[in-house]
Structure formats: C-alpha cells, structure tokens
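Novice:
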Amino acid sequence: MGILERVRSFLPGNNGPTANDELEKDGPHTGMVIVAHPDDAEFMFGGTVAKFCALGWTMYYVLATSGDKGTHDEELSHQELAAIREQEQRDACDVLGVKEVIFLGHPDGFLKPDEELRGEIVRLLRQYRPDVVLTWDGFRQGFNHSDHRAIGIAVRDAIYPAVRDHLYYPSDKEDGLEAHKVNEMLMGGSDDPDYRVDISDHLETKLKAIICHKSQIGGTPEEVRKRWSARMRSAGGGTPMESFKRVSIRRPARQQESEKKETDQKPAESSEAQPAASAQR
Ligand SMILES: [Zn+2]
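Numbers given in our numbering equal positions in the sequence shown, counted from 1, plus 58.
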C-alpha cells in the first residue's frame with residue numbers, strides 16, 4: 059500500500075466534531091483491540107486506546123497477522139519482517155499502556171473470515187472477557203485492504219452470536235471457558251462514523267506509538283508527527299478526534315443491575331413512589 063493510500067485508508071469520516079463520551083464516563087471496562095496488522099490500531103485509534111488505558115481500562119491487543127508482507131526491502135524474509143513488526147507493535151503497546159499483546163500468526167494478505175478465524179476470536183473473547191471490542195469496519199464501501207475487511211467481518215460474527223452461545227465451538231467449554239457477552243463494538247475506518255473520542259490529552263501518546271512502527275512510517279519521526287497531528291486535528295474541526303461506528307450489543311451490566319433492583323423493589327413500593335424512581339434515571 060502506498061503512503062497516500064495508507065493515510066486515506068486510516069482517516070476517519072468527517073461528519074462533525076462533537077465527541078460522545080458515554081463509554082469513558084461509564085468505565086473502566088476491559089477492552090480488546092482486534093485488528094489485521096501491526097500499526098492498524100495506532101493509526102486508526104491509538105489516541106482512544108491511550109485514553110482508555112489512562113482511565114484505568116484493562117486493554118488487550120490481538121493481531122491476526124504479523125504484517126509479514128509490508129515492505130519494499132527485497133533483502134528481508136517473511137520471518138525477519140514479522141519479528142521486526144511484532145517488536146514494533148509491542149513497543150507501541152508499551153507506550154499506550156496495553157496489558158498484553160497476542161499474535162495469531164496468519165499470513166499477511168490472505169486473511170479469510172472463515173470458521174477457523176472466527177473460532178480463534180471466540181476463544182480469546184471467552185478467555186479475556188472484554189466488555190468493549192475495537193476493530194475494523196468490515197463493511198465499508200471504499201478502498202480497503204482485504205485483511206481489514208476479513209478481520210472486521212470475523213470479529214462481528216464472533217461477537218454475535220457465536221461467543222455468547224455455548225454450542226458454538228463447544229471445545230472451549232471443555233477447556234473451562236464459559237460463553238461470554240460483549241457489550242459494545244467500536245469499528246474504526248468506517249464510512250459512517252457515529253461515535254467520536256476527543257483525544258486532545260492523548261495525541262502525543264498516539265504519535266509516539268505510531269513512531270514505534272519504524273519499518274512502516276514514511277519520513278522522519280518529526281515529519282510523521284507533524285503530518286498526523288494535522289490530520290487528527292482536521293478530522294475533528296480543530297480538536298484531535300478519532301471516529302468509530304458504534305454498535306451496542308447489550309446495555310452495560312451496571313445499568314442492568316440497577317434496573318433489576320428497581321424491578322425487585324416495585325411490589326413493596328406505593329404507586330406514589332414510582333414517579334420519583336423514574337426521575338432518578
Ligand atoms: Zn492493515
């Protein structure tokens with residue numbers, strides 16, 4: 059992918075600068091980033107990952123491939139490039155505050171949203187039990203790498219319904235991994251974003267994390283810093299923003315608990331008490 063195409067493919071849609079921050083107020087949660095290649099997450103939503111980590115979220119990263127075709131250097135083998143890019147990804151995750159990085163080791167460029175990939179994702183979701191998953195929008199219409207489409211679709215199909223229904227991939231249960239429900243999916247690179255995160259206080263961390271991907275960035279670190287700083291600001295009308303398509307799969311557990319309490323209390327309450335209970339919501 060050329061540098062211009064790369065920049066274009068990571069840019070968020072520009073439908074307005076307002077940040078919605080419900081998820082930030084509601085946390086801290088456990089989050090899992092699931093993307094195709096080292097560097098995907100930093101370009102798309104590294105500021106959001108940095109912000110979530112700073113808010114006390116526990117963040118995990120899953121990389122479906124190690125990006126072993128992303129070079130024009132004819133001296134480098136697949137294995138050498140994969141090792142370089144895995145280390146760059148670990149360095150970026152250290153900068154952001156990510157707890158653990160997992161590489162699935164699929165060959166770069168040939169990712170398929172098949173039952174094998176879906177099963178690997180289901181197993182990781184059952185193991186790490188994230189509330190929020192950040193991934194690619196696999197259905198965007200414009201130019202995109204096939205691996206980005208494939209991982210976006212595989213993640214969506216893993217989250218609904220496979221991970222929550224124990225009869226999908228039943229060997230997980232034999233290994234002690236229970237079914238799980240993910241609350242929210244935030245999809246980057248979307249044509250139609252509806253959730254924006256103000257990364258003003260985390261732009262510097264995002265830029266540092268991008269610069270960790272030395273084998274991928276064109277130009278000097280200072281040029282990269284300037285270019286990406288300007289792009290993030292222009293996407294948010296002056297405020298650096300990252301944009302997502304948000305899909306809420308179920309309401310947060312905390313809200314369900316408070317609703318359950320209300321329901322449990324209702325038989326004991328007089329009818330006059332009910333308007334007060336509604337007003338508290
Ligand atoms: Zn990529």
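Where is the CB? At the ideal position from N, CA and C, for every residue including glycine.
All figures in this text were calculated on a predicted structure; none of them were measured in a lab.
Is any heavy atom of ligand 1 found at a distance shorter than 7 Å from the C-beta of residue 94?
Specialist: Mapped onto the sequence shown, residue 94 falls at position 36. Residue 94 Cβ: within cutoff of ligand 1.
Novice: Shorter than 7 Å, the distance from the beta carbon of residue 195 to the closest heavy atom of ligand 1, or not?
Specialist: Start at 1 with the first residue of the sequence shown, and residue 195 comes out as number 137. Every heavy atom of ligand 1 is 7 Å or more from the Cβ of residue 195, so no.
Novice: Identify which residue in 132, 294, 155 has its Cα closest to the Cα of residue 252.
Specialist: The residue given as residue 252 occupies position 194 in the sequence shown. Nearest of 132, 294, 155 to residue 252, Cα basis: 294.
Novice: For residue 112 versus residue 260, is the C-beta spacing smaller than 8 Å?
Specialist: Numbered from 1 along the sequence shown, position 54 holds the residue referred to as residue 112. Numbered from 1 along the sequence shown, position 202 holds the residue referred to as residue 260. Yes, the Cβ-Cβ distance between residue 112 and residue 260 is below 8 Å.
Novice: Just reading off the beta strand (DSSP E) that residue 253 is part of, what are its end residues?
Specialist: Your numbering for residue 253 matches position 195 in the sequence shown. Taken as a continuous stretch (DSSP letters only), the beta strand (DSSP E) holding residue 253 covers 253-256.
Novice: Cα-Cα, which of 169, 131, 96, 194 is closest to residue 301?
Specialist: The residue you call residue 301 lines up with position 243 of the sequence shown. If we check each option's Cα against that of residue 301, 194 comes out closest.
Novice: Tell me the rounded alpha-carbon separation between residue 213 and residue 141.
Specialist: Along the sequence shown, one-based indexing puts residue 213 at 155. Along the sequence shown, one-based indexing puts residue 141 at 83. The straight-line gap from Cα to Cα measures roughly 25 Å.
Novice: How would you label residue 205, buried or exposed, when you count the other beta carbons within 10 angstroms and need 16 or more for buried?
Specialist: The count along the sequence shown starts at 1 and reaches residue 205 at position 147. So residue 205 ends up on the buried side.
Novice: Report the CB separation of residue 177 from residue 108 in whole angstroms; it is logged as a contact under 8 Å.
Specialist: Position 119 of the sequence shown, counted from the first residue, corresponds to residue 177. Position 50 of the sequence shown, counted from the first residue, corresponds to residue 108. Contact flag wrong, Cβ pair sits at about 31 Å.
Novice: Using a Cβ-Cβ cut-off of 7 Å (strictly less than) and excluding sequence neighbours within five positions of residue 78, which residues of its own chain qualify?
Specialist: Residue 78 sits at position 20 when you count from the first residue of the sequence shown. Cβ neighbours of residue 78 beyond the five flanking positions: 253, 254.
Novice: Which residue spans inside the segment 266-300 form an unbroken alpha helix (DSSP H) run of at least 4?
Specialist: List check, alpha helix (DSSP H) in window: 279-293.
Novice: Please report how far the alpha carbon of residue 169 lies from the alpha carbon of residue 122, in whole angstroms.
Specialist: As a first step, residue 169 is located in the sequence shown; it is residue number 111 there, counting from the start. As a first step, residue 122 is located in the sequence shown; it is residue number 64 there, counting from the start. Looking at the two C-alpha atoms, the distance is approximately 8 Å.
Novice: Starting from residue 179, follow the alpha helix (DSSP H) in both directions and report where the run begins and ends.
Specialist: To locate residue 179, count along the sequence shown from 1; it is residue 121. Element bounds for residue 179: 173-186.
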